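Notes to accompany the following structure.
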Amino acid sequence: MGVDFLGNHGLSIASKPWIKNYAIKKALKASEEGYQSNLKQQKFSPGECEDRYATSQAIIGSAERLLSNPKNISPTYVKKLADIMVKSVVMENGDIPTQQAFKALHGRRPPGFMVISPTKACNLKCKGCYASSSAASLEKLSWDTFDRILTESHDIFGNRFVVISGGEPFAYKDKVNGETKDLLDMVAKHDDMFFMSYTNSLLINEEKAARMAELGNISPAISVEGWREKTDDRRGAGTFDGILASMERLRRHGVPFGISLTATTKNCEELFSDEFMDYFFSEQQALYGWVFHYMPIGRSFTLDLMPTIQQRQWMWKRTWELIKDKKYFLADFWNHGTLVDGCLAGGRSSGGGYMYINWDGKVMPCVFVPYSPVNINDIYKDNKTIADAWEESFFERIREWQAKYLKGNGHRGNLLAPCFIRDHQDVMRQIIADTEPDPENEPAREALLDEGYRKGMIEYGKAYQELSEPIWESQYLKIKKTLDKDEVK
Ligand code: SF4
1 MGVDFLGNHG
11 LSIASKPWIK
21 NYAIKKALKA
31 SEEGYQSNLK
41 QQKFSPGECE
51 DRYATSQAII
61 GSAERLLSNP
71 KNISPTYVKK
81 LADIMVKSVV
91 MENGDIPTQQ
101 AFKALHGRRP
111 PGFMVISPTK
121 ACNLKCKGCY
131 ASSSAASLEK
141 LSWDTFDRIL
151 TESHDIFGNR
161 FVVISGGEPF
171 AYKDKVNGET
181 KDLLDMVAKH
191 DDMFFMSYTN
201 SLLINEEKAA
211 RMAELGNISP
221 AISVEGWREK
231 TDDRRGAGTF
241 DGILASMERL
251 RRHGVPFGIS
261 LTATTKNCEE
271 LFSDEFMDYF
281 FSEQQALYGW
291 VFHYMPIGRS
301 FTLDLMPTIQ
311 QRQWMWKRTW
321 ELIKDKKYFL
331 ADFWNHGTLV
341 DGCLAGGRSS
351 GGGYMYINWD
361 GKVMPCVFVP
371 YSPVNINDIY
381 KDNKTIADAW
391 EESFFERIRE
401 WQAKYLKGNG
411 HRGNLLAPCF
421 IRDHQDVMRQ
431 IIADTEPDPE
441 NEPAREALLD
451 EGYRKGMIEY
461 GKAYQELSEP
471 IWESQYLKIK
481 KTLDKDEVK
């Protein structure tokens, strides 16, 4: 059964159990074959192959749960998910001829996708949110700039997948020839790309949910901080109930959605409890969950909210239990580097990396690395393209470091601790000192000058390397040596 079959028989798959079962069986077989092939090719360590296999099984598990109620996904979504996400993004990894042309010209593979925050505007004021931190801001990308970034990411990088962040993406608006255009107008214009948008969801009313179902190429990832008390404490009273109402609306219109979880020292045990996970994955029927660890950047940054190294290791163990035992599709941006070859920042040269552009047009290596060598508005004023931004030495140095890190010293680098800013703060500071990108905002400038922050982050990175290295060697590289009982997954 091919992807075309999936696309053309979306409604039947969603409504006829035997077709759904057939499709799932085929997908499981492909996942098994992919695992065997990865092991044979030895491109990844044995443990990475296992993680990739477990995740593909969980993706199938999540799809099976979603399809168990055909009303939860509109036929347009089945077709667009099959055509764009499965075919163009997962199987073909974007537009290969365009990527090859880029490599021939620039010597390296282009980024696999872009993350764009088109607006700083937000209907909420969450504690510690980086979006609310810069004082003087243009607040949003113009429609033309936003449109051009997407067009170039499609035509120059060969991308078919885009992540939209914020601010609140559904608050984005701009006037074009006297007409107000919003995010969904942009999604409609780029209908051969698939969008995933982080959102607090409160602006997703009936009209927006219906439009998304009709478009079929955008999925919201809804932020939840924990149960009602914790979510409302960070995001404001009434937010939790508003989220549940949005989820109900999305299900009713057949729009698949995910959840986005930010773990802190205070909520991580709650987020990954059986009750919380079962509630959002089984009862609310989230298709996927993205896990972030609080990153001390932005307004009132503090190291105290960043999960401790022990909590981080517990989250690593716990998320794999949930993925393997319950087949919940969860991806943790710091603990699951084993799924994606480590750090993705700066448009990584081995493929699959990304770059980030914020509402001011500042181009940055990653949403969590708030330093920018160039502004996309200046690039366009000078008649250059996004490829010129990609060529900046700040990004190139990051790509060089990633390649070296992956190679490691004697064995493949530890992908349990690959983060450029969280785990390798000293490396990041050296590259910033050499290439002099501008801080995105005042807190980012302060963080560079703050000795306590520098020391705290470097100590954290070293301590986590030490804690995770024995697991990396024994469970991923399968180097034989005796471990303490606690270190065993
Ligand atoms: S810098 Fe850290 S958060 Fe950003 S892509 Fe790399 S690993 Fe992920």
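Position one of the sequence shown corresponds to residue 1 (the working numbering), numbered consecutively onward. Beta carbons are placed, not taken as given, at the ideal position from N, Cα and C, and that holds for glycine. Keep in mind it's a predicted model, so treat the numbers as computed, not measured.
Distance, Cα to Cα, residue 501 vs residue 412?
What the structure shows of the chain is the stretch from 1 to 489, and residue 501 is not part of that stretch, so it cannot be assessed.
Report the residue from 16, 43, 33, 31 whose alpha carbon sits nearest the alpha carbon of residue 477.
Taking the first residue of the sequence shown as 1, we reach residue 477 at position 477. Comparing alpha carbon positions, the residue from 16, 43, 33, 31 closest to residue 477 is 43.
Enumerate in chain order the residues of its own chain whose CB-to-CB distance from residue 80 is below 6 Å, with the five nearest sequence positions on each side excluded.
On the sequence shown, residue 80 is found 80 positions in, with the first residue counted as 1. Apart from sequence neighbours up to five positions away, the residues of its chain that approach residue 80 with a beta-carbon distance below 6 Å are 216, 217, ordered along the chain.
Per DSSP, the bridge partner or partners of residue 181:
By 1-based counting over the sequence shown, the position of residue 181 is 181. Beta-bridge pairing links residue 181 to 174.
Indicate, with yes or no, if ligand 2 has a heavy atom lying under 8 Å from the CB of residue 345.
This structure lacks ligand 2; its bound ligands are ligand 1.
Going by the CB atoms, is the gap between residue 461 and residue 425 shorter than 9 Å?
Here residue 425 refers to the residue found at position 425 when the sequence shown is read from its first residue. Here residue 461 refers to the residue found at position 461 when the sequence shown is read from its first residue. For the 9 Å CB-CB criterion, residue 425 and residue 461 form a contact.
Have a look at residue 345 and residue 16 and give me their C-alpha separation to the nearest angstrom.
Mapped onto the sequence shown, residue 345 falls at position 345. Mapped onto the sequence shown, residue 16 falls at position 16. When rounded, the distance between both Cα atoms is 42 Å.
Rounded straight-line distance, which links the Cα of residue 395 to that of residue 405
For the purposes of this step, residue 405 is taken as residue 405 along the sequence shown, with counting starting at 1. For the purposes of this step, residue 395 is taken as residue 395 along the sequence shown, with counting starting at 1. So the two alpha carbons sit approximately 15 Å from each other.
DSSP bridge partner residues for residue 375 (one or two, in chain order)
As a working mapping, residue 375 is identified with position 375 in the sequence shown. The partner list for residue 375 (beta bridge, DSSP) reads 362.
According to DSSP, is residue 290 part of a helix, a strand, or is it coil?
Within the sequence shown, residue 290 is the residue found at index 290, counting from 1. Three-state result, residue 290: strand.
Quick one: does the C-beta of residue 334 sit closer than 8 Å to a heavy atom of ligand 1?
Within the sequence shown, the letter at position 334 stands for residue 334. Proximity of the beta carbon of residue 334 to ligand 1 is indicated: a heavy atom of the ligand is located closer than 8 Å.
Indicate, with yes or no, if ligand 1 has a heavy atom lying under 8 Å from the CB of residue 420.
Taking the sequence shown and counting its residues from 1, the one referred to as residue 420 is at position 420. For residue 420, the distance from the CB to the nearest heavy atom of ligand 1 is below 8 Å.
Take residue 450 as the anchor and find which of 297, 102, 184 has the nearest alpha-carbon.
Sequence index remark: in the sequence shown, residue 450 carries index 450 (1-based). For the residues 297, 102, 184, the minimum Cα distance to residue 450 belongs to 297.
Drop a sphere of 10 angstroms on the beta-carbon of residue 41, count the other beta-carbons inside from all chains shown, and report buried for 16 or more, exposed for fewer.
If you number the sequence shown from 1, residue 41 lands on position 41. Within 10 angstroms of the beta-carbon of residue 41 lie fewer than 16 other beta-carbons, which makes it exposed.
DSSP on residue 261, reduced to helix/strand/coil?
Residue numbering aside, residue 261 sits at position 261 when the sequence shown is read from its first letter. Strand, per DSSP.
Below 8 Å, is the gap between the Cβ of residue 367 and the nearest heavy atom of ligand 1?
Your numbering for residue 367 matches position 367 in the sequence shown. Result yes, Cβ under 8 Å from ligand 1.
Mapping the DSSP letters down to three states, classify residue 328 as helix, strand or coil.
If you number the sequence shown from 1, residue 328 lands on position 328. Reduced to three states, the DSSP call for residue 328 is coil.
Residue 183 vs residue 198 beta-carbon contact at 9 Å:
Taking the sequence shown and counting its residues from 1, the one referred to as residue 183 is at position 183. Taking the sequence shown and counting its residues from 1, the one referred to as residue 198 is at position 198. It is not a contact, given that the beta carbons lie outside the stated cut-off.
Excluding the five sequence neighbours on either side, which residues of its own chain have a C-beta within less than 7 Å of the C-beta of residue 323, listed in chain order?
Counting from one through the sequence shown, the residue named residue 323 turns up at place 323. Within the same chain, 54, 55, 58, 330 come within 7 Å of residue 323 by CB-CB distance, once the 5 residues on both sides are set aside.
Return helix, strand or coil for residue 219, following the three-state DSSP convention.
Taking the sequence shown and counting its residues from 1, the one referred to as residue 219 is at position 219. Strand.
Just to check, is the beta-carbon of residue 405 closer than 8 Å to a non-hydrogen atom of ligand 1?
Position 405 of the sequence shown, counting from 1, holds the residue named residue 405. For residue 405, the distance from the CB to the nearest heavy atom of ligand 1 is not below 8 Å.
Does ligand 1 have a heavy atom nearer than 8 Å to the CB of residue 354?
Translated into the one-based positions of the sequence shown, residue 354 becomes position 354. At least one heavy atom of ligand 1 sits closer than 8 Å to the Cβ of residue 354.
Rounding to the nearest angstrom, what Cα-Cα distance links residue 46 and residue 204 in this structure?
Indexing the sequence shown from 1 puts residue 46 at position 46. Indexing the sequence shown from 1 puts residue 204 at position 204. Residue 46 and residue 204: Cα-Cα distance of roughly 43 Å.
Three-state secondary structure assigned by DSSP to residue 394:
Translated into the one-based positions of the sequence shown, residue 394 becomes position 394. Of the three classes helix, strand and coil, the one that applies to residue 394 here is helix, per DSSP.
With distances taken Cα to Cα, identify the nearest neighbour of residue 71 among 164, 256, 196.
By one-based count along the sequence shown, residue 71 stands at place 71. The shortest Cα separation from residue 71 among 164, 256, 196 belongs to 256.
Ignore the nearest five residues each way along the sequence and tell me which others in residue 106's own chain have a CB closer than 8 Å to its CB.
If you number the sequence shown from 1, residue 106 lands on position 106. If you ignore the 5 residues before and after residue 106, its C-beta comes within less than 8 Å of the C-beta of 387, 390, 391, all in its own chain and listed in chain order.
Pairs of beta-carbons, one from the region 305 to 316 and one from the region 461 to 470, closer than 8 Å: are there three or more?
Counting C-beta pairs closer than 8 Å gives three or more between the region 305 to 316 and the region 461 to 470, which meets the contact rule.
7 Å Cβ shell around residue 269 - same chain, five flanking residues per side excluded
Taking the first residue of the sequence shown as 1, we reach residue 269 at position 269. If we look at residue 269 and ignore the five residues flanking it on each side, it has no Cβ neighbours.
Should residue 84 and residue 161 be called a contact, given that it needs their Cβ atoms to be closer than 9 Å?
Residue 84 sits at position 84 when you count from the first residue of the sequence shown. Residue 161 sits at position 161 when you count from the first residue of the sequence shown. It is a contact, given that the beta carbons lie within the stated cut-off.
Using only the heavy atoms of ligand 1, determine whether one of them is closer than 8 Å to the beta carbon of residue 461.
For the purposes of this step, residue 461 is taken as residue 461 along the sequence shown, with counting starting at 1. Flag unset: Cβ of residue 461 not near ligand 1.
Would you call the CB atoms of residue 114 and residue 153 closer than 9 Å?
What you label residue 114 is simply residue 114 of the sequence shown in a count that begins at 1. What you label residue 153 is simply residue 153 of the sequence shown in a count that begins at 1. Yes, these two residues count as a Cβ contact at 9 Å.
Own chain, CB closer than 7 Å to residue 249, minus 5 neighbours either side, in chain order:
Residue numbering aside, residue 249 sits at position 249 when the sequence shown is read from its first letter. Correct list, in chain order: 204, 206, 209.
Just curious, the alpha helix (DSSP H) that residue 231 is in, first and last residue?
Numbered from its first residue, the sequence shown carries residue 231 at position 231. 228 to 235 is the extent of the alpha helix (DSSP H) around residue 231.
DSSP state of residue 439, grouped into three classes?
As a working note, residue 439 is residue 439 in the sequence shown. The answer is strand: DSSP assigns residue 439 an E or B state.
Please report how far the alpha carbon of residue 102 lies from the alpha carbon of residue 52, in whole angstroms.
For the purposes of this step, residue 102 is identified with residue 102 of the sequence shown, where counting begins at 1. For the purposes of this step, residue 52 is identified with residue 52 of the sequence shown, where counting begins at 1. Rounded to the nearest angstrom, the two C-alpha atoms are 28 Å apart.
Residues sharing a beta bridge with residue 195, DSSP:
By one-based count along the sequence shown, residue 195 stands at place 195. Partner(s): 162, 218.
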